[in-house]
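Asker: One structure follows; several queries about it will come next.
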């Protein structure tokens, strides 16, 4: 403790991020794997069952052989819940996170996918910088959440500012159309993160944050929870199915995060995640 603040060294954050990057790329979360296995048992399409079976086999091989679940090891998205009673010493938080990504991707032999500029398109060579979001929370802990976000599913995500008059029906239409338009490109079955409200930028973040929630954990808001159930049913009614080859299992789950919004707008963002819904977390 220092002046009532808990001291955490930047190197601790770097070490944790490096470990999380490697583990996330190798080890499919148990909640995701369980949901895929449950979908395998229920899937009526023979081809769909075969594809889900291959996904499960791939996840097991990745875990036991310590190799990436997918060759696309993603743009590293990091959410930090930073306790207000924490002081970080020995370096900058953002630098510590990026050094952890750099180290994790190098030591884990993970693909480097980040370009220095959208138009110049030169690879940075170390998968940095990460996409970092920091939330200040009560307490003296630091929670680090890491998600390697693949390009195929990210590219099929979308945001729209609906007219308030479009209401819930408009939200459902936009979400299901976004999922259907993704086709096989997003590597279904999907996890669908939906952001409602806020401003343009905040709405997109809400959709991303929704993907970090444990799979199957409904929103504590009853309207959001109801919407999650109804959207999941609508997504699966598209018949897109595993790998976009048809079937019952288009989406594994839909998570909704919401925030107050302006009276003139109804912002909706859809952040799509592929079946390799990789994320890990650690509390320091």
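In our numbering, the protein residues as written are 3 to 286. We put the CB at the ideal spot given by N, CA and C, even for glycine. Computed from a predicted model, the values in this text were never measured in an experiment.
Residue range of the alpha helix (DSSP H) that residue 41 falls in?
Answerer: Run containing residue 41: 32-44, per the alpha helix (DSSP H) assignment.
Asker: Can you tell me the Cβ-Cβ gap for residue 66 and residue 23, rounded? I've got them flagged as a contact below 8 angstroms.
Answerer: At roughly 19 angstroms, the Cβ-Cβ gap does not stay under 8 angstroms, so residue 66 and residue 23 are not in contact.
Asker: What are the partner residues of residue 174, as DSSP defines its beta bridges?
Answerer: According to DSSP, residue 174 bridges with nothing at all.
Asker: Please report how far the alpha carbon of residue 187 lies from the alpha carbon of residue 281, in whole angstroms.
Answerer: Each residue's Cα considered, the two are about 21 angstroms apart.
Asker: Quick one: is residue 166 buried, meaning 16 or more other Cβ sit within 10 Å of its Cβ, or exposed?
Answerer: Classification for residue 166: exposed.
Asker: Keeping to the same chain, check which residues put their C-beta closer than 6 angstroms to that of residue 131; ignore five residues upstream and five downstream.
Answerer: If we look at residue 131 and ignore the five residues flanking it on each side, its Cβ neighbours are 100.
Asker: Taking only runs of the beta strand (DSSP E) that begin and end inside the segment 75-114, which ones reach a length of at least 3 residues, in chain order?
Answerer: Listed in chain order, the complete beta strand (DSSP E) runs (minimum 3 residues) inside the segment 75-114 are 77-85, 88-91.
Asker: Is residue 265 near the ligand MG, in the sense that its beta carbon is under 7 angstroms from a heavy atom of that ligand?
Answerer: Ligands in the displayed structure: none, and consequently the ligand MG is not present.
Asker: Pop quiz: residue 234 and residue 37 are said to be a contact at Cβ under 8 angstroms. What is the actual Cβ separation, rounded to whole angstroms?
Answerer: Actually they are not in contact, since the Cβ atoms of residue 234 and residue 37 sit about 11 angstroms apart, beyond 8 angstroms.
Asker: Answer with buried or exposed for residue 259, where buried requires no fewer than 16 other C-beta atoms within 10 angstroms of its C-beta.
Answerer: Answer is buried; the Cβ neighbour count reaches 16.
Asker: May I have a chain-ordered list of the beta strand (DSSP E) segments no shorter than 3 residues that lie completely inside the segment 205-284?
Answerer: Runs of the beta strand (DSSP E) inside the segment 205-284: 253-261, 268-275.
Asker: Does the structure place the segment 133-143 close enough to the segment 116-125 that three or more beta carbon pairs sit under 8 angstroms?
Answerer: Cβ pair count under 8 angstroms is below three, so no.
Asker: Let me check understanding here. Comparing Cα to Cα, which of 192, 171, 206, 127 lies closest to residue 155?
Answerer: The candidate whose alpha carbon is nearest that of residue 155 is 192.
Asker: Quick check on this structure: which residue in 52, 39, 7 has the alpha carbon closest to the alpha carbon of residue 91?
Answerer: The shortest Cα separation from residue 91 among 52, 39, 7 belongs to 7.
Asker: If you measure between the beta carbons of residue 95 and residue 19, is that distance less than 8 angstroms?
Answerer: No.
Asker: For residue 268, count neighbouring Cβ atoms within 10 angstroms of its own Cβ and tell me buried if that reaches 16, exposed if not.
Answerer: The residue in question, residue 268, is buried, as its Cβ has 16 or more Cβ neighbours within 10 Å.
Asker: In terms of residues, what are the limits of the alpha helix (DSSP H) holding residue 28?
Answerer: From DSSP, the alpha helix (DSSP H) with residue 28 extends over 12-28.
Asker: Would you kindly work out how many angstroms separate the C-alpha atoms of residue 148 and residue 133, rounded to a whole number?
Answerer: Distance between the alpha carbons of residue 148 and residue 133 is about 10 angstroms.
Asker: In whole angstroms, give me the CA-to-CA distance for residue 12 and residue 97.
Answerer: The straight-line gap from Cα to Cα measures roughly 9 angstroms.
Asker: Do the segment 178-185 and the segment 44-56 touch if we need at least three Cβ pairs shorter than 8 angstroms?
Answerer: Output reads no: the segment 44-56 does not touch the segment 178-185.
Asker: Measuring straight from C-alpha to C-alpha, what distance separates residue 247 and residue 48?
Answerer: Taking the straight line from one Cα to the other gives about 11 angstroms.
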